Structures are given as C-alpha cells and as structure tokens.
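What follows is a single structure, written as structure tokens, with notes after it.
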Amino acid sequence: MTTRRTFIKTAYAVAITSTASRPSVGVGQAQQVPNSSGTEAAKLKAPPGACDCHHHIYDAARFPPLKTGGTFTPNARVAEYRLLQRRIGTTRNVVVTPLPYVTDNRVTLDAIAQLGNAARGVAVIHPATTDAELKVLADRGIRGIRFSLTVPEDAVTSIDMIESLSKRVDALGWHVQLNVPADQIVAAEGLWNRLPSVMVFDHMGHVPQPVGLRHPVFGVIRRLVDKGRTWVKLSVTGDNTADGPPGYADITRVAQAYARAAPERMVWGSNWPHPTEAKKPDDAILFDLLSNWAPDEATRNRILVQNPEELYGFPKLA
C-alpha cells in the first residue's frame, strides 16, 4: 500500500525532474545584475541542467543577520539571483548559508523553497544541532554543511568541530564543505584523511598567488581527490587570483590542472554576490572562463551537469 510519505516523495521527485529540465525564462540575455559588473550575456552556452554550485542569499528585511559586519551584502535576494541565472544560463543552483547568519539557516531554506526543486543547499551547524533538526534540513533540501575559517575573527565554527560533525552528516549522505586557508589545509592533512564523509574544498582550496601550483595545498588536495571522496569547487575569489580579469591567467592554470586531473570530481560556482569583494567581478566573464578551464564540451557538461547530480542528488537528466 502506498503511504502518504511515499506519495509525497514520488511527487516531489517528478517535480524536480520537470523543473530541472525546463530552461529559465530569458536565458542568455544581456542583463544588469546587482553585485555583478557588466551587462552582456555569457558567451558560453550553458547546457540543460547546468548548476551554479555556490552562491549566497541575503535577505535582511525578512531574515535579519545574527552577525553584523562587512560581509553582509545588500541586493542579494532570490529575485536578484534569478537575474544572474538569466544572464549566464544556469538552471540549477546550490545556496550556501553565509557568515552573517551564523547557524540560522532559515534564509537558505527559504531560498530553496523560492527557487523550486532545482535548488539544493549547504547549511552551517554546531555540535548542539539535534538529529531532529538535521532531518528537517535534509527534508528541505540541505545536502552538506560548511566550515568557513578563512577569517578567524569572523568564523562561527571551528576546526575542532569538523570530525565529529562529519560523522553525523555522513549518515545522511551529506558532505563537509571546507572554506579553509591554504596553509591550514596543509597543516590539517591528517584530519582530512580521517574524515568519514565526502569533502568539498571551496574556491579551489584558496591556492595562493603567485605561488600557485607550487604551493603544497595543491598536492594535498590532489591526493585527497585521488582517493575518490573529495571534490573541488572551481570558483574565483579575490584571494585566489592576482592577475584578475579578463583572463585570470594565474587561477586559470590552477583550474586547468584540477580539471585535467579529475574532471569527475569538479563542480563550478559563481560565488555571487561576491561578499568579500568590494569591486564586483563580471559574472559572464567568470562563467566563460570554463571554456578555457575545460575546453572539451563533454568535460564542461560533466562539471556543470553530471557532477552536481551526483554530489547534490539532483535527478539525472535523460
């Protein structure tokens, strides 16, 4: 006999497939987007189901931040993010709870609900978070937890929380997302090798420039990737490039090295609304960088479509 819960789950899966395979209105149009420079559409044509695997939503009017400071970004609600989707052509997305909300994930859960079944989320939690609370997060689209330690005075979690929380979320099939400075990644190599859950390194592991690929962080992450449980987000931030636009030559060398070595463990993220950058980048240029990072169309499709399906549980497109 079909239970009510089974019926709801089946209907939800059908809705996800329908939404993910339907392109957004106005995809590929020139578009002014808050927190992004330029207006031209991306030159790279996004494949159906292309996923932006890293962005944030801020909504102070409906969800006041628990922590005030410079990283709170105005004009970064769901309505503004939809403009970015139209400009670059992505249709799936992963919302990451930003620092000012500490462990209040309501803004992310609300964004997932607004964006529909083509959205997933990454939450921030503490050891005091109960199993019941984790189940609610899972039911509402959360697929991982994030530790953001790049600015210690702003951090709302700590490295000593990672191992125990990794064990808890592994039981849910979630991953641990790590926004950690390069030197700290290197120093904690033993920890990463002990974690039971899947790991995702934000922003290419913050490989510093101009050292680039010569920095030991690249080797640490590559060894972890080779073990099959570690992923890397190919995304540009102000601290992992010195060359900057339009070619981003330094971080391009890093992205190409990752993509060549393990395309099956790479995903792409816009990092919109670029909370740590006073001068906002051109998101169309950032998306177009994928043409150089992964020149082969099949590899790009893997990074944009198939890999997010595996990592975040999106339904596979036919």
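If you count the sequence shown from 1, you need to add 1037 to reach this note's numbering. Positions of the beta carbon are idealized from the N, C-alpha and C atoms, including for glycine. Quick caveat: nothing in here was measured; it's all calculated off a predicted structure.
If we call anything under 8 Å between Cβ atoms a contact, is residue i one with residue j?
{"i": "P1085", "j": "L1354", "result": "yes"}
{"i": "H1252", "j": "S1234", "result": "no"}
{"i": "A1087", "j": "P1310", "result": "no"}
{"i": "H1243", "j": "D1276", "result": "yes"}
{"i": "L1202", "j": "P1164", "result": "yes"}
{"i": "V1132", "j": "G1153", "result": "no"}
{"i": "L1174", "j": "N1142", "result": "yes"}
{"i": "A1156", "j": "I1196", "result": "no"}
{"i": "L1348", "j": "W1268", "result": "yes"}
{"i": "P1245", "j": "A1219", "result": "yes"}
{"i": "N1308", "j": "H1092", "result": "yes"}
{"i": "T1278", "j": "H1240", "result": "no"}
{"i": "M1236", "j": "R1260", "result": "no"}
Please list, in chain order, all residues of the same chain as residue i whose beta carbon is under 8 Å from its beta carbon, the five residues on each side excluded.
{"i": "Q1066", "result": "A1078, R1123, R1124"}
{"i": "T1108", "result": "P1135, L1136, P1137, D1191, P1312, T1313"}
{"i": "E1117", "result": "V1070, P1071, N1072, P1310"}
{"i": "I1222", "result": "L1215, W1229, F1238, G1242, H1243, V1254, V1257, I1258"}
{"i": "A1050", "result": "The predicted position of A1050 is uncertain, since its pLDDT is 39 and thus under 50; a value taken from the coordinates is nonetheless stated next. Result list for A1050: P1352, in chain order."}
{"i": "I1340", "result": "L1271, A1296, P1300, M1303, V1304, W1305, L1327, A1331"}
{"i": "T1105", "result": "P1137"}
{"i": "K1204", "result": "P1233, S1234"}
{"i": "A1097", "result": "F1109, P1111"}
{"i": "A1294", "result": "L1250, F1255"}
{"i": "V1062", "result": "Low confidence applies to V1062: its pLDDT is 37, below 50, so where it sits in the model is not reliable, and the reading given next is rough at best. These residues qualify, in order along the chain: R1123."}
{"i": "P1189", "result": "none"}
Here's a check: name, in chain order, each residue in its chain whose Cβ is nearer than 7 Å to the Cβ of residue i, leaving out the five neighbours to either side.
{"i": "G1249", "result": "D1287, R1290, V1291"}
{"i": "T1127", "result": "A1083, A1087, C1088, D1089"}
{"i": "L1329", "result": "Residue 1329 is actually Asn in this sequence, not Leu. Cβ within range, chain order: T1289."}
{"i": "P1060", "result": "Interpretation of P1060 is limited by its pLDDT of 38, a score under 50 that renders its predicted location unreliable; the figure taken from the coordinates is listed afterwards. So the list reads P1085, T1128, once near-sequence residues are dropped."}
{"i": "S1058", "result": "For S1058, the predicted structure reports a pLDDT of 36, less than 50, and the residue's modelled location is therefore unreliable. The matter cannot be settled from this model."}
{"i": "L1081", "result": "F1324, D1325, L1327, S1328"}
{"i": "P1283", "result": "I1322"}
{"i": "A1150", "result": "none"}
{"i": "P1102", "result": "F1109, P1137, Y1138"}
Going by DSSP, what residues sit across from residue i in a beta bridge?
{"i": "D1089", "result": "N1130"}
{"i": "M1236", "result": "V1213, T1267"}
{"i": "F1000", "result": "Given a span of 1038 to 1355 for the chain in the structure shown, any question on residue 1000 remains unanswerable."}
{"i": "I1179", "result": "G1158"}
{"i": "W1303", "result": "According to the sequence provided, residue 1303 is Met. The question's Trp does not apply to it. V1269, per the DSSP bridge assignment."}
Cutting at 6 Å between CB atoms, please list the residues of its own chain near residue i, excluding the five before and the five after it.
{"i": "V1193", "result": "V1139"}
{"i": "V1161", "result": "T1134, T1140, R1183"}
{"i": "F1100", "result": "R1143, V1144"}
{"i": "V1217", "result": "L1186"}
{"i": "R1337", "result": "L1327, A1331"}
Is residue i near the ligand FMN, judged by its Cβ being under 7 Å from some heavy atom?
{"i": "T1289", "result": "This structure lacks the ligand FMN, and indeed carries no ligand of any kind."}
Query raised in the report: Is there contact here, the stretch 1066–1083 with the stretch 1320–1331, by at least three beta-carbon pairs under 8 Å?
Result: Cβ pair count under 8 Å is three or more, so yes.
Report task. Return the chain-ordered ranges of every alpha helix (DSSP H) run that is complete within the stretch 1262–1299 and spans a minimum of 4 residues. Result -> Listed in chain order, the complete alpha helix (DSSP H) runs (minimum 4 residues) inside the stretch 1262–1299 are 1286–1298.
**Report entry** Three or more C-beta pairs below 8 Å linking the stretch 1176–1191 and the stretch 1146–1159
**Finding:** Contact between the stretch 1176–1191 and the stretch 1146–1159 is present, because at least three Cβ pairs lie under 8 Å.
**Report entry** Runs of alpha helix (DSSP H) wholly within the stretch 1094–1123 (minimum 4 residues, chain order)
**Finding:** Counting only runs of 4 or more, we get nothing.
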